[in-house]
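Only one structure is covered here, and it is reproduced in the block below.
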Amino acid sequence: MLFLLIITIMIVAWIDLSSIFRERYIKEGFFSLGFYIIALAFSIYLQMNGKVPTPLKGVTVIVKPITKGVLSILQL
Amino acid sequence: MRMDEKINVRQFTLLLTLFTIGTSVLITPSQLATLAKESAWIAASMSVFGGLLVLLLYLFIGHLQPHLNLFQHNEYAFGKWLGKLFTLIIVLFSLIGASTVLWTVGDFVIVQVIPETPLAAICILFMTIIVYGTKLGIETIVKTVEIFFPWIIMLLTIIVLFSIPSMDIKQLQPLWGQPISKVVEASIYELSISTFPLILLFVLYPSVLNPDSKGTRSILLGYLFAEFLIMSITVIAISVLGYKLTSHYVYPTYVMAERIEFIVLLDRLEVVIAISWILSIFFKLFIYFYISLIGISQLLGLKHYRPVTIPMGIIVIGLALIIYPDSIFAGKWNKETWVPLSIIIGVVYPIVLLCGSKIKSILRRNHRG
Amino acid sequence: MFKLSSLFKKQPVNKQNNIPSQNLNASLQDTIQDVKQTLGDSNDIVYRPFHASYDGSLSMALIFTDGLVDKNVIQDFILRTLMIDIRKANVELSSKENSYQTLKEHSLTAGEMSEFNTVDKLYEHILSGDTVILIDGYEKAFAVDTKGWKQRGVEEPSSQTSVRGPKDGFTETIRTNTALLRRKIKDPNLWIKTKAIGKRTKTDVSIAYINGIADPKIVKEVYRRLDKINTDAILDSGYIEEFIQDKTYTPFPTIYNTERPDIIAAGLLEGRVAILVDGTPFVLLVPALFIQFFQASEDYYQRADFATFIRLVRYLAFFLSLLTPSAYIALTTFHQEMIPTDLLVSLSSQREGVPFPAFVEALIMELTFEILREAGIRMPRAVGSAISIVGALVLGQAAVEAGLVSSAMVIVVSLTAISSFVSPSFNMAISVRMLRFGFMILAATFGLFGILIGLIIMILHLTSLRSFGVPYLSPMAPFIPKDQKDVMLRFPHWGLFSRPRLINQQNVDREDTEAPKPSRREAENQSVKD
Amino acid sequence: MNRVITKIIVLFLLLATLSGCWSKKELDNLAIVTGIGIDKAEEGYEVSVQIINPAEVAAKQLTTRTAVSSYTASGKSLFDAIRNLIEVTPRKVYLSHTRIVIFSEELAKEGISDTIDFLVRDHELRTDFYLAIAKGYSAKQMLNILTPLDKIPASKMYAMIDNSERYLAQTRTVKIQKFTADLLLEGQQPFLTGIYIQGSTDIGNSIENVERVDSPAKILADHIGAMKGDQLIGWLEHKESKGFNYLTGKVKNSTEIIPCKDDDKYTSFEIISTDKKIKGKVKDGKPTFTIDIKVRANVAQSDCELKISNPKTLDKLEKDLNKEISDTASLTLEAIQKDLQTDIVGFGELLHRTKNKDWQKIKGQWDELFPEADIKVNVQTKIKRTGTITDSFKEK
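Residue numbers (full-length UniProt numbering), protein chains in the order written: chain A, 1 to 76; chain B, 1 to 369; chain C, 1 to 530; chain D, 1 to 396.
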């Protein structure tokens, strides 16, 4: 499954990138390549170990103090 | 990046209506019933007025700098770096929005339509069509909205109409059984799902052709219609199922549709609500994804968003798979973090932007003078 | 992958033995010799040398292609004139300059005649059925239009029949076809322009449109795309269609074709552009919209309410033929809870003993049906009926009795088949036949969710299509309220007051007839008389 | 062109990763369950399912095989027991077409909320089946009775409960959402339909039962099981059940019989509609209720020597009917207030809805207050039609 996934992403990336470069979107192509690498690394990481901390917990950590701050200001 | 594609006011209105209905139809009745019990419908009708105010704020911002989209407006108001920071926050917000919505689609399909199917398969399939649509561009999408809109509305109306015979008004009593604070809390919750994310849609506002006062009116009417639909579905869900059951089910609207027994042929109508819901959530997910792409290309200074569509799509699929560890967390997060988060993005940020933009234009005028 | 792609790379076209465009030889003998050599002494080419004056000083020759010309015309108006009438009239054919002019202006009694002086023109005229008159000593020659070959008469079109409405159909001859159009539209603004396409076939391709109604941009675009064609041969309008359509890789036709002159005339009057190709009765119409494939010409000849009803049935049939097998698969393998209990029990008892899963069963049956249909079309007529008998037996009774397929599946397949025949346009029916299999695969993997995904993809694809700049799904998307009168519904003719708004079309008003309201008194008088 | 081909290759690769048909179930691999019976086992539950034999149900010729089969398995929870069924059933058990779920009386007395949880939570079960309690029998016995006319006994039971409610008002249909709603509501207790077997259960489960003109074992739907929380605490008898339906205004169609003056002859009425209105208030901490029941009836048969065409006679008949119905209702009130002490009509819930402030004060002691509550019943009957004739034939 992992192997198939990597192959699929790589083929998709190859076709996609080649068409981007053919249309002379050079800068865009490199950014796209970067995102592909992130996506690939991300999916391999996900497949290798299923336990990934959800990003939402991080969001909660940031949002909570702000909410509390706002609420306390409102109460003042 | 430039936004060459143009859409007309009607298409924008339809998009806005569907975006408002989006997840709300299926999810909000349950949470409203949990928070405001039998007064949930009062909460739903209250949120209409609150939402209208918020929408007017967005429209005002849209008219402030009619040629800049929200991200360009950021840079105009706060300068390049601070503006980019704001843009980044919005992009992250819409990415989170996109992956939560994608997860919700997957969860709904697994719970109600095809169990035993892995979440990943559904997410990949659904994201594939989103990416395909995004590659085709916003003009194609708004035309697709025009095709699907009557169907979505028709199907939802069928559900509403056929549920009326099994309504029991008693379930809505006592009329003021809940403290007002609970009702307000519930209505803010409703707004956080249906209305505050609309700020993202206003990134597209500069693409709208001639948004004159008549256009503004039709946008407001579209919004009112969507909120009315959400309200009537909430009323019906609670008066058919009772608030206790409504809050017990994850997708009460679906269960409500299950109960409809009108004619033998129209016996099993729940699939109808599933279809209309998946269709409307398609557009909601599209907007989240599209806006995040526009934001990214704005951040990185790309000429067009298309080159990064597919890799971002893959990233969103990955995010959706891990965004919620389980459905319990999802419910809790929606209640506890999403509400303040969307208030920050949907209310605080526009006000800050409004002030920043105003100050900037005054400064600029003085400078010139 | 690169190897793979090279398979489909275009090889440069080698240009070979094109006839050079040089001037005619003055010597008659040399010219005839050249022609004989170039045409390989083909024996359908007739050479007829003769002398035209008393003294025989003016030697001439006719060259024409046997079978393409009307021999009576040659005998009566060329040979008779030049050999007999000239003597009777005692026309002076003295000097060389003089005699050429005299022949042209006083003697030849043929109606359509042209002059030319190059070799390539010579062959063009000979091979297209003109008679070429060569005169010794001149570097010029005449071509007389003597075209006249066995042609099919104007018959009822076989691909699109109607109960009510005109029964004439286009033929293989482009002149007949343009005449059919002219007979319907007697408007000086109907402009027909012809150009030859195809290096070897030199097929006449005519572009017809009504000036002042058709959008000049679209007309220009048609010319631009036709000019870009550089090919050997055009044997049917299908060639042209593939060369000029907006998008090749789509199952949906973006160019409309028909055998019916009334449809083309109606299209021209709506501001579309027709492309007529010599040698085929199928005329192209652009731009083509999705809804056009659901509008039969008969809709406009029948009563409006009935036409509306039939049109709705047609849309229903479209979805039935697209989705019935996939819905059956989805319902019976994923969503059994949606089938009423009694029906489920009966379906379940039928499926008992069927060896294949529902998807494979459906696939087998659909494929069998497609094969049968193809066989039925390609076989000689005499064998065709045998095929249908075999088909009915194979598809129907025997397969069910042998327990290979369930009888419900037979019903599904026949429903699909019948629905696909409803479409008034053959090529939309073909695209549905192809898409059906995709939907079946989606239904077998994801059930109704898969079908929904398939529909979304299909609509996305449809909305992204354009036909000559006009959105394919208009007037549904983008939604044009004024044009809804002829989409799902068909308003009475007095209600169709404006033409469909293709992009930037000029002159949209079609008519200004009031809805018929017979005055009361008139009606009463009538009844009194009766 | 090559781009298109590569795209197609990618599509196939995607399909390869995606394909699998996870939730696929072929029709001929399904055991379609129409009825579920839940009994108490020594440890946990014993569940019996009635499975359709499709070939027999749809068969055109008569066979000696039965149209349904039943299987039993037990487990620590309902879910566990249903999963254990796989060991004994030949195919995968498919629950979506369940028409009826039967609890044994024994189990109902102990409480059924644990099983209800599964019935609501499981996605495969729809919400349109009836719940019933087997009065005096085990659920397994109920499912094992073969029925004539309808080949599927569970469908037969479904129709019977339905008809019984619709034409006799002897019992009430209860679907799972109604039951859970009653269970969750403040001041409301749930109730369930009762069904039982008349005759010999031994013959009932063999094909012999349907071979005779008069089946030795029959299934009947009657009585209403009054619950407190999720436990059955007693039965409303035949007449009390009807009274309960009057009190809740759910008599759609029923009969009433009134004796003539002297002899044992009767006038029969067909009740065509009822409407009820309950008003409640709390006075000095004591709840009082007034129930107005409006009944419309037709004369169906008159064996008495009555001149029905006389308005006075009609007045009198209406009065008799009023008394008859209010007696019935009082009987029910007596039963639920004094004997069973459970508020299945929902008087408390009414107070909650209309007098929320008072309710908040007394809701803690509602169980004690309810038996003492003062409930008045007023019945107003209107005789609308007298059939195709007016006076009885005996009237000369």
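Think of the CB as a built atom: it goes at the ideal place given N, C-alpha and C, for glycine as much as any other residue.
Query	Result
Ignoring anything shorter than 3 residues, give me the beta strand (DSSP E) runs that lie fully in the segment 189-275 of chain C, in order along the chain.	190-197, 203-210, 256-258
Does the beta carbon of B/His367 sit closer than 8 Å to a beta carbon anywhere in chain A?	no
Which runs of the beta strand (DSSP E), 3 residues or longer, sit entirely within the segment 153-238 of chain B?	none
Give me the Cβ distance between B/Ala40 and B/Ile169, rounded to the nearest whole Å; I'm assuming they're in contact under 8 Å.	That belief does not hold up - the Cβ atoms of B/Ala40 and B/Ile169 are roughly 14 Å apart, past 8 Å.
Rounded to a whole number of angstroms, what is the C-alpha to C-alpha distance between C/Leu58 and C/Arg152?	40 Å
Report back the beta-carbon spacing between C/Val69 and C/Thr146 to the nearest angstrom; my notes put them in contact at under 8 Å.	4 Å
Can you list, in chain order, the residues of the segment 331-356 of chain D whose Cβ is nearer than 8 Å to any Cβ on chain B?	His352, Arg353, Thr354, Asn356
Report the three-state DSSP secondary structure of B/Glu5 (helix, strand or coil).	coil
Using a Cβ cut-off of 9 Å, pull out every chain B residue sitting near C/Phe334, in sequence order please.	Val113, Ile114
Whole angstroms are fine: how far does the CA of B/Ser94 sit from the CA of B/Phe289?	7 Å
Provide the residue span of the alpha helix (DSSP H) that contains C/His125, from first to last.	119-127
Quick one: residues in its chain with C-beta nearer than 6 Å to the C-beta of C/Glu112, no 5 flanking neighbours on either side, listed in chain order?	Asp145
Below 8 Å on C-beta distance, what does B/Leu245 contact in chain D?	Gln177, Thr180, Ala181, Leu184
Out of curiosity, what's the CA-to-CA distance linking B/Gln25 and B/Thr104?	Reading the sequence as shown, one finds Val at residue 25 of chain B and not Gln. Looking at the two C-alpha atoms, the distance is approximately 13 Å.
Please identify the residue among D/Pro90, D/Glu305, D/Ala221, D/Asn245 whose C-alpha is closest to the C-alpha of D/Gly136.	D/Ala221
Could you list which residues in chain C have their beta carbon closer than 8 Å to that of B/Glu146, in chain order?	Met476, Ala477, Pro478, Phe479
Classify C/Asp299 as buried or exposed, calling it buried when 16 or more other Cβ atoms lie within 10 Å of its own Cβ.	buried
Which of the three DSSP states is assigned to C/Arg501 in this structure?	coil
Assuming B/Pro340 and A/Thr67 form a contact by the criterion Cβ under 8 Å, report the distance between their Cβ atoms to the nearest whole angstrom.	4 Å
How far does the alpha helix (DSSP H) with C/Leu79 in it extend, from its first residue to its last?	From DSSP, C/Leu79 is part of no alpha helix (DSSP H); its letter is neither H nor E.
Kindly say whether C/Ser326, judged by its beta-carbon, lies nearer than 8 Å to any beta-carbon of chain D.	no
State the Cα-Cα distance for the pair C/Ser407 and D/Thr66, rounded to the nearest angstrom.	24 Å
In terms of residue numbering, what span does the alpha helix (DSSP H) encompassing C/Arg113 cover?	The sequence given here places Met at residue 113 of chain C; Arg does not occur at that position. Segment 113-116 is the beta strand (DSSP E) holding C/Met113; no alpha helix (DSSP H) there.
Consider the Cβ of D/His123: report whether some Cβ of chain G lies at a distance smaller than 8 Å.	Absence of chain G from the displayed structure is noted, the protein chains being A, B, C and D.
Work out the CA separation of D/Ala132 and D/Ser138 for me, nearest whole Å.	12 Å
So what does DSSP say about D/Ala300, is it helix, strand or coil?	strand
Would you call the CB atoms of C/Val222 and C/Val273 closer than 8 Å?	yes
Let's test the definition: count the other Cβ atoms within 10 Å of the Cβ of B/Cys123 and tell me whether it reaches 16, buried, or not, exposed.	buried
Smallest Cα separation from C/Arg268: which of C/Trp191, C/Gly198, C/Ala375?	The identity of residue 268 of chain C in the sequence shown is Leu, whereas the question assumes Arg. Among C/Trp191, C/Gly198, C/Ala375, the Cα nearest to that of C/Leu268 is on C/Trp191.
Among D/Asp182, D/His238, D/Ile219, which residue has its Cα nearest to the Cα of B/Lys244?	D/Asp182
Buried or exposed for B/Val316, please, with buried defined as at least 16 other CB atoms from any protein chain shown within 10 angstroms of its CB.	buried
At a Cβ threshold of 8 Å, is A/Ile66 touching chain B?	yes
Suppose the cutoff is 7 Å on Cβ atoms and the five residues either side in sequence are ignored; what does the same chain contact list for C/Gly495 look like?	Lys485
Does the beta carbon of D/Thr127 sit closer than 8 Å to a beta carbon anywhere in chain B?	yes
What does the alpha-carbon distance come out to for the pair B/Leu148 and B/Ile193?	Note that residue 148 of chain B is Phe in the sequence shown here, rather than Leu. Answer to the nearest angstrom: the Cα atoms are 22 Å apart.
By a C-beta neighbour count over all protein chains shown, 10 Å radius and 16 as the cutoff for buried, is D/Asp315 buried or exposed?	exposed
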